[in-house]
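Residue numbers (the numbering used here), protein chains in the order written: chain L, 13 to 85; chain R, 2 to 633.
Beta carbons: idealized from backbone N, C-alpha and C, even for Gly.
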Amino acid sequence: MKKTYKIEVDCANCALKMEETAKKVEGVTDATVSFMTQKMKVEFAEGSDAKTVMEQVVKACKKVEDDCVIYVD
Amino acid sequence: MTKKQKKVLYRIIAAAVLLVILHFVPVKGILALVLYLIPYGIIGYDILRKAVKGILNGEVFDENFLMAVATVGAMALGLYEELTGGQGEFAEGVAVMLFYQIGELFQAVAVGKSRKNISALMDIRPDYANVEDEEGNLVQVDPDEVEIGTVIVVRPGEKVPIDGIVEEGTTTLNTSALTGESLPRSAKCGDEIISGCVNLSGVIRLRTTKEFGESTVSKILELVENSSMKKSRSEAFISKFAKYYTPAVCYGALALAILPPVIRLMLGMEASFATWIIRALTFLVISCPCALVISIPLSFFGGIGGASACGILVKGSNYLEAMAKTGIVVFDKTGTLTEGVFRVTGVYPEAGWTKDTLLEYAAYAECFSSHPISKSLKEAYAKELLPARVTEAEEISGHGVTALVDGVRVHAGNGKLMKSLNISFPEPSEIGTVVHVAIHGGYAGYLIISDVVKKEAAEAIAGLRAAGVRRTVILTGDNALVARYVAEELGVDQVESELLPGDKVDWVEKLLAEKNPGENLAFVGDGINDAPVLSRADIGIAMGALGSDAAIEAADIVLMDDNPMRIALTMKIARKCLRIVYENIVFALAVKALCLVLGAFGLANMWMAIFADVGVMVIAVLNAIRCLKVKI
């Protein structure tokens with residue numbers, strides 16, 4: 013399952029870091045962050061719950077980049 | 002500017018004003034340090050906080066950390082000088098932080114602006130659809146809420162929000178946002194029109210055939226928005242580079258601060274720790290990788306944006322990058338280089354007949370046939386056919402037709418038909434399908450019907466060659482004679498004919514094996530029946546894809562109209578984009594390397610360091626924005 017989230021991030025390097033971090037979260041098989049379109053695309057592992065996984069992704073991203081916002085609705 | 006950016010701007014102004022005031026206040030010692038800490042705190046508190054957080058989270062080597070170390074180091078050095086009885090300098094640390102923030106702000110504004118420009122270029126999203134309520138009043142609703150089969154009204158100047166069929170009204174449509182083609186298209190009752198076009202002249206009522214999410218405009222928007230998710234190799238290279246680069250320069254700076262003084266001490270000289278620490282800090286400021294990290298995705302994004310304004314949809318930066326290194330271009334013939342429509346291209350009457358009468362008899366004889374050949378004959382005749390003039394029309398399968406036209410027996414068909422009638426006929430040397438005509442039992446001449454080569458095709462092939470394509474190949478299911486003729490006319494290097502769809506895949510495999518290292522193979526098709534080949538090639542290009550979902554899905558690059566010149570244009574855009582990417586990489590690395598060396602030898606001061614960081618980044622961003630401009 014793939015989902016796209018709107019994000020807010022200030023620098024391209026931070027976007028890269030967010031991508032690296034999101035990829036390492038459990039339940040995420042792949043993640044891409046586009047700094048240009050300010051979007052994060054997350055591919056979830058089979059059987060994982062998008063909502064709980066995203067909570068972890070947000071937490072992990074906040075850790076590496078304090079300023080970032082991920083809109084999980 | 003966003004709220005966040007405005008806040009930074011106010012902080013910059015406040016800190017700058019304080020810095021200027023402090024410059025004229027004659028304070029010394031610890032008091033000076035305390036006073037300078039005020040503007041430093043205003044301008045740098047978030048950087049310091051981020052740096053500390055980074056360390057706590059184990060993310061040590063980022064640019065915040067670099068800036069924090071550089072500026073705190075400079076302040077500490079000032080304090081050290083004060084304590085050892087010298088003249089401490091605190092302004093520099095504050096100034097470095099100040100300029101760093103100015104640079105960051107400029108970057109954020111510049112990037113935000115170009116992002117907006119590019120998005121505006123691609124902004125074909127309709128905001129509403131007009132639906133009639135029970136009293137016949139027009140109500141604006143969200144296109145997402147319109148169900149299939151609803152009648153919507155599109156007024157002049159509005160965007161067509163959803164794909165549908167015209168039920169009432171005639172108009173002209175501007176498709177330039179989708180195709181890059183400025184010539185308007187006309188639409189009348191019964192025509193299928195696609196969303197994203199702008200209605201120019203008349204009010205039309207439209208019965209929707211798709212939901213908004215499935216409509217052309219949504220498909221295209223999704224495609225373009227996702228395009229920057231697919232990263233190019235250059236982008237991947239830079240991310241990897243940044244990962245090793247930042248720690249490397251940090252250790253480099255540490256070594257620069259410690260090793261030379263220690264060596265000097267061992268050699269019995271004065272250690273002069275202060276000098277080397279300043280050099281190390283300068284080194285740190287220079288080394289920020291921002292310029293690289295920002296300018297490369299921005300260049301690709303600009304290139305994709307510029308291409309989409311020309312009706313070329315590139316599905317990812319990786320494809321744009323691959324396109325720039327295309328060495329072999331393989332074409333499907335029909336519908337790509339040729340119109341895919343059969344037309345009468347030659348009328349050759351025997352002595353005693355005129356071209357017009359020959360065409361007239363042939364058109365009438367064929368007028369009850371549904372064969373594509375008869376269609377093209379009718380088109381060539383161009384006058385209205387009166388069915389009453391034709392009697393006893395009969396189709397002779399595999400041979401042609403026979404009919405009485407104004408009471409005169411006419412036979413029209415291939416050589417077999419003429420042979421069966423024992424009529425002698427010449428063997429034409431022209432390429433195409435031959436229609437022999439016999440009138441009243443005597444040979445009257447022949448007509449040639451063939452697929453017409455697109456008028457831009459030869460120019461497109463030449464354009465590709467000029468852009469660095471070394472080999473062009475046609476793969477077609479058509480017969481050898483026709484295929485060779487088209488190839489020769491267009492100057493294509495190689496032609497393989499009478500192929501089944503499966504053979505085309507085999508041929509592409511063979512060509513893939515023959516390509517030089519580092520070059521790519523592009524396949525251009527019309528998106529119908531060639532999905533396997535499109536996906537097998539390094540780059541699959543689908544042409545004339547307007548309204549064809551299958552083609553949009555199968556291809557990597559989608560040309561919205563069927564003009565082959567766009568292939569050469571895509572290549573040009575790709576090459577320009579990649580050139581700019583390389584320019585930026587080389588320029589940024591060269592300036593940084595130079596400044597790093599100068600910094601290590603103490604020849605570069607903090608100000609030069611700031612230029613190496615912020616200045617290079619600004620130049621790289623401005624250069625990247627050039628990708629957006631496309632010269633056709």
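{"query": "Chain R contact for L:Lys36 (CB, 8 Å cutoff)", "result": "no"}
{"query": "Residues near R:Gly74 by beta carbon distance below 7 Å, same chain, minus five either side", "result": "Ile278, Leu282"}
{"query": "Proximity below 8 Å, CB of R:Gly165 to CB of R:Leu201", "result": "no"}
{"query": "Rounded distance between the beta-carbons of L:Glu77 and L:Cys26, thought under 8 Å", "result": "4 Å"}
{"query": "Pick from R:Glu367, R:Gly401, R:His400 that is closest to R:Leu387, judged by C-alpha positions", "result": "R:Glu367"}
{"query": "Residues bridged to R:Ile634 [DSSP beta-bridge criterion]", "result": "The structure shown does not extend to residue 634 of chain R, since chain R is modelled only from 2 through 633, so no value can be given for it."}
{"query": "Beta carbon proximity, R:Phe100 to chain L, threshold 8 Å", "result": "no"}
{"query": "Exposed unless 16 or more other CB atoms sit within 10 angstroms - verdict on R:Ile558", "result": "buried"}
{"query": "CB of L:Glu20 within 8 Å of CB of L:Cys80, strictly", "result": "yes"}
{"query": "Validate contact between the stretch 500-514 of chain R and the stretch 462-478 of chain R using beta carbons, cut 8 Å, 3 pairs", "result": "yes"}
{"query": "Partner residues on chain L for R:Asn58, Cβ-Cβ distance less than 7 Å", "result": "Lys75, Val76"}
{"query": "Short-range partners of chain L found in the stretch 28-53 of chain R, where Cβ spacing is below 7 Å", "result": "Lys51"}
{"query": "Beta-carbon spacing of R:Ala413, R:Val438 below 8 Å", "result": "yes"}
{"query": "Below-8 Å beta-carbon distance, R:Glu64 vs any chain L residue", "result": "yes"}
{"query": "Cβ neighbours of R:Leu599 in the same chain (closer than 6 Å, five flanking residues each side left out)", "result": "Ala605"}
{"query": "CB-CB length for R:Thr210 against R:Ile153, believed under 8 Å", "result": "Actually they do not touch by this definition, with Cβ atoms about 11 Å apart."}
{"query": "Outcome for R:Gln141 when other beta-carbon atoms lying within 10 angstroms are tallied against a minimum of 16", "result": "exposed"}
{"query": "Supposed contact pair R:Val112 and R:Val619 - C-beta distance, whole angstroms, cut 8 Å", "result": "Contact doesn't hold; Cβ gap of about 11 Å is too wide."}
{"query": "For R:Ile553, the nearest candidate out of R:Ser536, R:Val483, R:Pro565 (CA to CA)", "result": "R:Ser536"}
{"query": "Contact under 8 Å by Cβ, R:Ser451 with R:Phe343", "result": "yes"}
{"query": "Cα-Cα separation, R:Gly214 to R:Ile195", "result": "13 Å"}
{"query": "Stretch-stretch touch, CB-based, cutoff 8 Å, three pairs: the stretch 92-109 of chain R with the stretch 9-28 of chain R", "result": "yes"}
{"query": "Cβ neighbours of R:Lys232 in the same chain (closer than 7 Å, five flanking residues each side left out)", "result": "Ser318, Asn319"}
{"query": "Check whether R:Phe284 and R:Ala254 have beta carbons under 8 Å apart", "result": "yes"}
{"query": "Which of helix, strand or coil DSSP assigns to R:Gln141", "result": "strand"}
{"query": "Nearest-angstrom Cα separation, counted from R:Ile48 out to L:Lys74", "result": "15 Å"}
{"query": "C-alpha gap between L:Lys14 and L:Lys63, whole angstroms", "result": "12 Å"}
{"query": "Sequence-distant residues of its chain with Cβ nearer than 8 Å to R:Val345 (five each side left out)", "result": "Leu360, Ser377, Leu378, Glu380, Ala381, Leu448, Ile449, Ile450"}
{"query": "Test: R:Val95 CB closer than 8 Å to a CB of chain L", "result": "no"}
{"query": "Presumed contact (8 Å Cβ cut-off) between R:Thr217 and R:Gly197, rounded CB distance", "result": "6 Å"}
{"query": "Length of the line joining the Cα atoms of R:Asp316 and R:Gly79", "result": "Note that residue 316 of chain R corresponds to Lys in the displayed sequence, not to Asp. Cα-Cα distance, rounded: 54 Å."}
{"query": "Top-ranked residue by Cα proximity to R:Glu385, from R:Tyr365, R:Gly399, R:Ser398, R:Glu396", "result": "R:Tyr365"}
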